[in-house]
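Going by full-length UniProt numbering, the first residue of the sequence shown is number 1, and it counts up by one from there. All remarks here apply to the structure that follows.
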Amino acid sequence: MPTKRSELKTELRKALKNSEIVPYFQPMVGIRSGKLVGFEVLARWLHPQRGTIRPDEFIPLAEQADLIGELTETILLQAFAATAALDKSLTISVNISPIQLRDPSLPEEIRRAAAMAAFPLNRLTIEITESALVDNLELAASIATKLKNLGVKLALDDFGTGYSSLRNLQALPFDELKVDRSFVSSMVQCRDSRKIVAAVIGLGQSLKLTTVAEGIENETQADILRWLGCDVGQGWIYGPPVSVHDLPKIVDAPMSTSTHTLHDSPASDLITCIKPLPSQRFAQLQAIYDGAPVALAFVDADLRYVSVNQRLASMNDIAVEEHLGKKLSEIVPPIIYTRIEPHLLHALKGEASSLEITRPGISEDAKGETFLVSHQPARDEGGEVIGVSVAMVDISERKLMEDALRESEDHYRHMVKLNPQMPWIMDPNGKTIDISPRWTELTGMSSDDTSNYGWKEMVHPDDLERLLTVLQASFQSGDAFDFNYRVLTRDKSWRWVRTRGQARRCASGEILRWYGSTEEIEEYMELKQKLRETEAALAALLEEKQQRL
1 MPTKRSELKT ELRKALKNSE IVPYFQPMVG IRSGKLVGFE VLARWLHPQR
51 GTIRPDEFIP LAEQADLIGE LTETILLQAF AATAALDKSL TISVNISPIQ
101 LRDPSLPEEI RRAAAMAAFP LNRLTIEITE SALVDNLELA ASIATKLKNL
151 GVKLALDDFG TGYSSLRNLQ ALPFDELKVD RSFVSSMVQC RDSRKIVAAV
201 IGLGQSLKLT TVAEGIENET QADILRWLGC DVGQGWIYGP PVSVHDLPKI
251 VDAPMSTSTH TLHDSPASDL ITCIKPLPSQ RFAQLQAIYD GAPVALAFVD
301 ADLRYVSVNQ RLASMNDIAV EEHLGKKLSE IVPPIIYTRI EPHLLHALKG
351 EASSLEITRP GISEDAKGET FLVSHQPARD EGGEVIGVSV AMVDISERKL
401 MEDALRESED HYRHMVKLNP QMPWIMDPNG KTIDISPRWT ELTGMSSDDT
451 SNYGWKEMVH PDDLERLLTV LQASFQSGDA FDFNYRVLTR DKSWRWVRTR
501 GQARRCASGE ILRWYGSTEE IEEYMELKQK LRETEAALAA LLEEKQQRL
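Shown next, in the form of structure tokens:
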């Protein structure tokens, strides 16, 4: 028994032959101007029994039945014929199925259909969903380039709803970026949706793409989009999709545009959560400028102070007003200016840089001050460098701490070098992390070769197994260990050493590290051996004497 879906597939084939698939035209309006700029072409199935069937019901069927190419051609031919004679400033946008973006013949089919209706292709925008770019981005890019060569514009549809990727946005030469209706419809109630809409519009603006918002239903949504800088809108507020017969009425009818200010609109409270008003933004920036824990200045192309904050003025011991309009060479001491001038000139060429400078103390006994100075090129909207942003941070205390740390490290290094013991650190599993340089002096093995378990190569074969047994027992129990063994020295002789270690634990009792030291005990072992020999000789003499008695 045939299903409703299979019946629709069969009927869809007949519908294409009987011209039941027709284009509807939804107005697209300039959000700021309120003027009609074009239409999005939407397919409708005028079914004789079921009535009007929406595309989301039959487009998937057309794709499954391999009819999508024929359906698109049918819609394009009718749309081109209906709009070719309209004002040349009006464009039409047509959504292309992801399947068709894998068909290399698509550009030629569109060119041929437009030629039949004498429709200029620079008035056509092809909308591509992100899902169309997933399977074969290289092929999609090739087809898109051919479409661009024909004069067709490209729009990325439903951005942010599925396979969102900046890589996709960069991969094809897009002209438009469409904000999905799901975000537009919920942005009045949902702050996160407003943030997403603002981010998408901002991204489009930064990439110099026309931004189009779908699904606008009321003035509040339109106001938000207008004040966010969205270019084009479509939705029921501007009119529903209409048939070709009603197209002239839409073209001739004046489009209404909102005349109230932001403060009069319900969108006022919402939009300020996203984009501060100019006065608020200026106040915020001024507060940041004056309250920043760094000295800040802006210098123009002639190396004159345009603005400085109070911290920099205090560093120079000159009032803020006395800086303005003067060249840096008039304010900055020559010994410092000669160092920073090359960096300023490089910044004016677009190269950012930073350096440390030291300002001498007031007296001979006073220590100088050290500053980290950064120079960042400041560019206008066209990318041209118009000045330099200078930031200075007092790092005198940090330099003193660094000097003290270096001195402490030198002391420690000398202490370790003179220390007869060889401190070492192991991880919880016995891998060597660090060891004294004296180990290298003794064995000739570098610290890199000693790391992990490399030290085992220097242990006498007769001692290695017993040493590993002791270590393993300590690693499992956490108890301290103390063991004597022989190591191979730089001169290829075997010398006795003593190793002691103890675990360092965290608050929960888990072992973090093993700390210990190794020291040479060759002389001690020799004395111990001589003592044993002496004791043995003495015992032998006593025994011999007793036997004589």
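Virtual Cβ for every residue (Gly too), placed ideally from N, Cα, C. Remember, predicted model here, so these are calculated numbers, not experimental data.
- Here Val251 has Leu36, Leu86, Asp87, Leu90 as same chain residues with Cβ atoms under 8 Å from its own Cβ, once five neighbours each way along the sequence are excluded.
- Taking C-beta separations shorter than 8 Å and ignoring five residues to either side along the sequence, the partners of Gln205 in its chain run Thr211, Gly229, following chain order.
- Taking the Cβ atoms as the reference, Tyr289 lies roughly 5 Å from Asn309, within the contact range of under 8 Å.
- Sixteen is the threshold: when 16 or more other Cβ atoms of the shown chains lie within 10 Å of the Cβ of Ile128, as they do, the residue is buried.
- Contact between Pro240 and Gln26 holds: their C-beta atoms lie close to 7 Å from each other, under 8 Å.
- According to DSSP, residue pairing for Asp175 in a beta bridge does not occur.
- In the three-state DSSP reduction, Ile386 falls in the strand class (E or B).
- Looking at the backbone, the Cα of Ile435 and that of Ser446 are separated by about 10 Å.
- Runs of the beta strand (DSSP E) lying entirely within the stretch 96 to 139 and spanning at least 3 residues, in chain order: 124 to 129.
- Here the alpha carbons of Glu519 and Ala480 stand approximately 16 Å from one another.
- Straight through space, the alpha carbons of Leu121 and Thr74 are spaced by roughly 17 Å.
- According to the DSSP assignment, Trp514 belongs to no alpha helix (DSSP H) but to the beta strand (DSSP E) extending over 511 to 520.
- It is roughly 15 Å from the alpha-carbon of Ile425 to the alpha-carbon of Thr440.
- DSSP, reduced to helix, strand and coil, places Thr72 within a helical segment of the structure shown.
- The stretch 385 to 392 and the stretch 370 to 377 touch, with three or more beta-carbon pairs separated by less than 8 Å.
- Contact between Ala301 and Ile386 is confirmed by a C-beta separation of about 6 Å, below the 8 Å threshold.
- Taking a cut-off of 8 Å for Cβ pairs, the stretch 176 to 187 and the stretch 138 to 157 touch, as three or more such pairs fall below it.
- Taking C-beta atoms as the reference points, Val232 and Met28 count as a pair closer than 8 Å.
- Excluding the 5 residues flanking it on each side, Leu16 has same chain C-beta neighbours closer than 7 Å at Leu67, Glu70, Leu71, Thr74, in chain order.
- By a beta-carbon distance limit of 8 Å, Lys146 contacts Pro107. Their separation comes to about 4 Å.
- Checking the DSSP bridge columns, you'll see Phe483 partnered with Thr499.
- Within its own chain, no residue has a Cβ closer than 6 Å to the Cβ of Arg548 once the five positions on either side in sequence are excluded.
- Residue pairing from DSSP leaves Asp87 without any beta-bridge partner.
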